[in-house]
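Residue numbers (the numbering used here): 2 to 606. Cβ coordinates follow ideal geometry from the N, Cα and C atoms, glycine included. All values derive from a computational prediction rather than experimental measurement. Here the structure is laid out as structure tokens; the discussion comes afterwards.
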Amino acid sequence: MLRFQLWKIIIILSVISIGIIYALPNFYPPSPAIQITIDSSSGQISQNIARRVDSLVQDTSIKCSSNISSDAIGYESILIKTENYQDQIKLKEYLEEKLERDFVVALNLAPNTPKWLSQLQAAPMKLGLDLRGGVHFLMEVDSQLLISTRLESYLADLKRNLREERISMSKSEISDNKILFSTRTDASSEIKDYFKNNTVLNYKEIGKNQFLVEYSDQGLDELVDYAVSQNLVTLRNRVNELGISEPVVVRQGKNRISVQLPGVQDTAEAKKIIGKTANLEFRLEAESNTLMSRTDQFDFSNQRVKLMKQVIITGDKVADASVGYDENGFPQVNISLDGEGGTKMHRSTRNNVGNRMAVIFVERKIKTTANEEIESYFDKRIISLATIQSALANQFRITGLDSPNEASELALLLRAGALAAPMNFVEEGTVGPSLGADNIRVGVQSLLLGLTLVLIFMIFYYKVFGLIANVAVALNIILISAVMSVLSATLTLPGIAGIVLTIGMAVDANVLIFSRIKEELKNRLKPIDAINAGYDRAYITIVDANLTTLIVALILYTIGTGPVQGFAITLSVGILTSMFTAILVTRFLVWLIYRNRKNIETLWI
Numbered sequence: 002m003l004r005f006q007l008w009k010i011i012i013i014l015s016v017i018s019i020g021i022i023y024a025l026p027n028f029y030p031p032s033p034a035i036q037i038t039i040d041s042s043s044g045q046i047s048q049n050i051a052r053r054v055d056s057l058v059q060d061t062s063i064k065c066s067s068n069i070s071s072d073a074i075g076y077e078s079i080l081i082k083t084e085n086y087q088d089q090i091k092l093k094e095y096l097e098e099k100l101e102r103d104f105v106v107a108l109n110l111a112p113n114t115p116k117w118l119s120q121l122q123a124a125p126m127k128l129g130l131d132l133r134g135g136v137h138f139l140m141e142v143d144s145q146l147l148i149s150t151r152l153e154s155y156l157a158d159l160k161r162n163l164r165e166e167r168i169s170m171s172k173s174e175i176s177d178n179k180i181l182f183s184t185r186t187d188a189s190s191e192i193k194d195y196f197k198n199n200t201v202l203n204y205k206e207i208g209k210n211q212f213l214v215e216y217s218d219q220g221l222d223e224l225v226d227y228a229v230s231q232n233l234v235t236l237r238n239r240v241n242e243l244g245i246s247e248p249v250v251v252r253q254g255k256n257r258i259s260v261q262l263p264g265v266q267d268t269a270e271a272k273k274i275i276g277k278t279a280n281l282e283f284r285l286e287a288e289s290n291t292l293m294s295r296t297d298q299f300d301f302s303n304q305r306v307k308l309m310k311q312v313i314i315t316g317d318k319v320a321d322a323s324v325g326y327d328e329n330g331f332p333q334v335n336i337s338l339d340g341e342g343g344t345k346m347h348r349s350t351r352n353n354v355g356n357r358m359a360v361i362f363v364e365r366k367i368k369t370t371a372n373e374e375i376e377s378y379f380d381k382r383i384i385s386l387a388t389i390q391s392a393l394a395n396q397f398r399i400t401g402l403d404s405p406n407e408a409s410e411l412a413l414l415l416r417a418g419a420l421a422a423p424m425n426f427v428e429e430g431t432v433g434p435s436l437g438a439d440n441i442r443v444g445v446q447s448l449l450l451g452l453t454l455v456l457i458f459m460i461f462y463y464k465v466f467g468l469i470a471n472v473a474v475a476l477n478i479i480l481i482s483a484v485m486s487v488l489s490a491t492l493t494l495p496g497i498a499g500i501v502l503t504i505g506m507a508v509d510a511n512v513l514i515f516s517r518i519k520e521e522l523k524n525r526l527k528p529i530d531a532i533n534a535g536y537d538r539a540y541i542t543i544v545d546a547n548l549t550t551l552i553v554a555l556i557l558y559t560i561g562t563g564p565v566q567g568f569a570i571t572l573s574v575g576i577l578t579s580m581f582t583a584i585l586v587t588r589f590l591v592w593l594i595y596r597n598r599k600n601i602e603t604l605w606i
């Protein structure tokens, strides 16, 4: 008789049941939708707002399938479903025009997964940029500017320390990523003491009272790695603030970051928010007798303002920022500082009540020189200059902004955080929603065509056993969908190619088993013994073949990027699930068919 252990039956039925449950959400794909959020970190949708939005939607010819008035009240945002991506873009443009400055309108996806599946944390597979459409950016950290900026900071700190030791520099400059400076008197011991615990900088004496400071190789690697890691977090925060559904922000190589924004079509607006290196500086106004070397001059409201170079705090100490309006209806940004920022602000302002404090907006811009070379520079301008009425703490407001849009943008950037280092756009691309839909259609057609040909071949050549193999292939596709959904993996067009390849590999394992069974029958082995021998003796060959392919897939995922990783993910998952279905599931189905037959004369194979 055929043998099959009870524990294997339990495992097979459990895996198939769970796989079907977590694959089901893929039959309920999300609908394109518009997300409307109040432009405030604590705003909620009221009944009046819901009615206003509902009325605006009703005025259009666009069909929407959500009941705005009753569904959104009390929540932080409104989600309006549309029938297709073209209507989604049209509705977004219309609402942005009508709602004006009070709301943020963003593209999103509305889930259609049944409630009972959502309670089990089941969700459909995410679709990549090539299937949904959207924009893609490849950004690179400006290493030269990063190093130069950090060296300037080190030089200023070194000057301050030497000044405390009553030693002054006679000359200093930063050139070729090095600090060159000289002192008026011997400072060898003081400089040695300053650098004794510094592992990222190397220094050496190149002449009498002349020194050179530069980054060590380890220091450079740590600096770039830190900047990329911090920028990765900041970019993810900025993308989340934009309300984009299922974005992909990943590190690529040593100093690059790949950003994919499915559903977004306006590359200019996306670049404006994502790539903006904007920050704030809070500085005190300088007194008239302050040394010029310790001050900077700015133009503000048709007057020349002299500010201290020393910065009280920068925008990275901001814990939260939201847009509001003052008593005259002008836009303002309400600021909440973190603990350290609040302490520094209080310490500086309590001793300067009656003096003025400026808020400086710092933005990195690009310009083309006369030689058609691209250079970057920092544009600094005062956006607020107010008298300190009392000691400030963790919360205060910024006024003097030009427009509500500037206030919204500034609040968004402050909430998301400033970039740790400037970044340049080295590559960008757009995939239209219609092209994404075409890719889905072509991908599904190729999958169905390959599956159909395999199913026909298996039934024609292996008869009943071919039918069993076909059932296993269908279950294999279900399990791949379930695993991809559970892992929140992104399905791309190369990923579909990986699934098609997996179908062939799954059938290949069954071909090895069935061919072995045929061979054993030719050797005049009894049918039951031939089945057992076919599975037992083909097992090692199947495992070896799939294991080597799995290793290659893992290498592709590790060293590859973008499409290569998408292919490697589905291939890896498919290999594991195909081994399960080809070895265990098909044997279980054979056991179900022949388990009660004691005397089998022939096998339909």
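Discussion item. Once the 5 residues before and after residue 71 are set aside, which same chain residues still bring their CB inside 6 Å of it?
Written reply: At residue 71 the pLDDT is 47, less than 50, meaning the model places this residue with poor confidence and gives no usable figure here.
Worksheet item: Quick one: what does DSSP say residue 380 is sitting in, helix, strand or coil?
Response: Of the three classes helix, strand and coil, the one that applies to residue 380 here is strand, per DSSP.
Worksheet item: With DSSP run on the structure shown, which of helix, strand or coil describes residue 26?
Response: Note: residue 26 maps to helix in three-state DSSP.
Worksheet item: Could you check where the beta strand (DSSP E) with residue 120 kicks off and where it finishes?
Response: Residue 120 -> not in any beta strand (DSSP E); alpha helix (DSSP H) instead, spanning 116–120.
Worksheet item: Which word fits residue 559, buried or exposed, when buried means at least 16 other C-beta atoms lie within 10 angstroms of its C-beta?
Response: So residue 559 ends up on the exposed side.
Worksheet item: In the region 130–154, which residue ranges form an unbroken alpha helix (DSSP H) of at least 4 residues, counting only runs that do not cross its ends?
Response: Listed in chain order, they are 130–133.
Worksheet entry | Beta carbon of residue 84 nearer than 7 Å to that of residue 64 | Their beta carbons are under 7 Å apart, which means residue 84 touches residue 64 by this criterion.
Fill in: Extent of the continuous alpha helix (DSSP H) run through residue 93
Note, residue 93: alpha helix (DSSP H), 86–100.
Item to complete: Tell me whether the beta-carbon of residue 542 lies closer than 7 Å to the beta-carbon of residue 477.
Response: Result no, Cβ atoms of residue 542 and residue 477 do not sit closer than 7 Å.
Worksheet entry | With 16 other Cβ atoms within 10 Å as the buried cut-off, status of residue 261 | So residue 261 ends up on the buried side.
Worksheet item: Would you report the Cα separation of residue 42 and residue 496, rounded to the nearest angstrom?
Response: Its pLDDT being 44, under 50, residue 42 is placed unreliably by the model, and the measurement read from it follows with that caveat. Residue 42 and residue 496: Cα-Cα distance of roughly 38 Å.
Fill in: Buried/exposed call for residue 135, threshold 16 Cβ in 10 Å
By the neighbour-count rule (16 or more Cβ atoms within 10 Å), residue 135 is buried.
Worksheet entry | Distance CB(residue 399)-CB(residue 324) smaller than 7 Å | Not in contact: residue 399 and residue 324 (Cβ atoms no closer than 7 Å).
Item to complete: Compute the distance between the beta-carbons of residue 536 and residue 588, then report whether it is under 7 Å.
Response: In contact: residue 536 and residue 588 (Cβ atoms closer than 7 Å).
Worksheet item: In its own chain, which residues sit with a C-beta less than 6 Å from the C-beta of residue 393, not counting the 5 before and 5 after it?
Response: Contacts found: 346, 350.
Fill in: residue 352 vs residue 389 beta-carbon contact at 7 Å
Contact flag unset, no.
Discussion item. Three or more C-beta pairs under 8 Å: does that hold for the region 483–492 against the region 120–128?
Written reply: Cβ pair count under 8 Å is three or more, so yes.
Worksheet item: CB-CB under 7 Å to residue 21, same chain, minus the five flanking residues each way: which ones, in chain order?
Response: If we look at residue 21 and ignore the five residues flanking it on each side, its Cβ neighbours are 479.
Worksheet item: Count the other CB atoms within 10 Å of the CB of residue 427; is the residue buried (16 or more) or exposed (fewer)?
Response: Under the 10 Å beta carbon count, residue 427 is surrounded by fewer than 16 other beta carbons and is classified as exposed.
Worksheet item: Does DSSP put residue 213 in a helix, in a strand, or in coil?
Response: For residue 213, the three-state secondary structure derived from DSSP is strand.
Discussion item. Taking only three categories from DSSP, how would you classify residue 444?
Written reply: Helix, per DSSP.
Worksheet item: How about residue 37 and residue 104: are their beta carbons less than 7 Å apart?
Response: Cβ atoms of residue 37 and residue 104: closer than 7 Å.
Worksheet entry | Helix, strand or coil at residue 321 according to DSSP, with G and I counted as helix | Looking at residue 321 - three-state DSSP - the assignment turns out to be strand.
Worksheet item: Can you tell me the Cα-Cα spacing of residue 86 and residue 33, whole angstroms?
Response: Taking the CA atoms as reference points, residue 86 sits about 6 Å from residue 33.
Worksheet entry | Nearest candidate by alpha-carbon position, reference residue 50, set 30, 78, 23, 27 | Residue 50 has its Cα closest to that of 78, out of 30, 78, 23, 27.
Discussion item. In the DSSP assignment, the beta strand (DSSP E) including residue 289 goes from what residue to what residue?
Written reply: Taken as a continuous stretch (DSSP letters only), residue 289 belongs to no beta strand (DSSP E), as it is neither H nor E.
Worksheet item: How should residue 511 be labelled, buried or exposed, when 16 other C-beta atoms within 10 angstroms of its C-beta is the threshold for buried?
Response: Under this definition residue 511 is a buried residue.
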